[in-house]
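Numbering (numbering that gives the first Met the number 0), first residue to last: 0 to 89.
The beta carbon of each residue, even a glycine, is placed where N, CA and C say it ideally should be.
Before any comments, here is the structure.
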Amino acid sequence: MKIDNSGKPLTSLGSKSSDIRANASAKSDSSSSVSSSFNSKLSGVASNEATFDADKVAAIRSAIAEGRFAVRPEAIADGLLSSVKELLAR
């Protein structure tokens, strides 16, 4: 690949930058409405999910710290499979 290093300034970019900014502003307005609807859908999904159980997290944290926590690969695999089945059913 050869790079042209003639040293000529690119004066045509100055006029195009204002066009680019105007287009970006127009896209920003439309993307904010899309973002808003996406966020409302996410909040609806989040409200259907189980809530955070701080006591369970604390119990798991202490079990890990004490060396009593055992990883069961079968349980992890079963959970992943059920999550995938649930997602595919939607």
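When only Cα atoms are considered, Lys55 and Arg67 end up about 15 Å apart. Asp77: member of the alpha helix (DSSP H) spanning 72-88, first to last residue. Asp52 sits in coil when the DSSP states are folded into three classes, being neither helix nor strand. Distance from the CA atom of Ser81 to the CA atom of Ala57, rounded to whole angstroms, is 25 Å.
If you draw a straight line from the Cα of Ile75 to the Cα of Arg89, it comes to about 22 Å.
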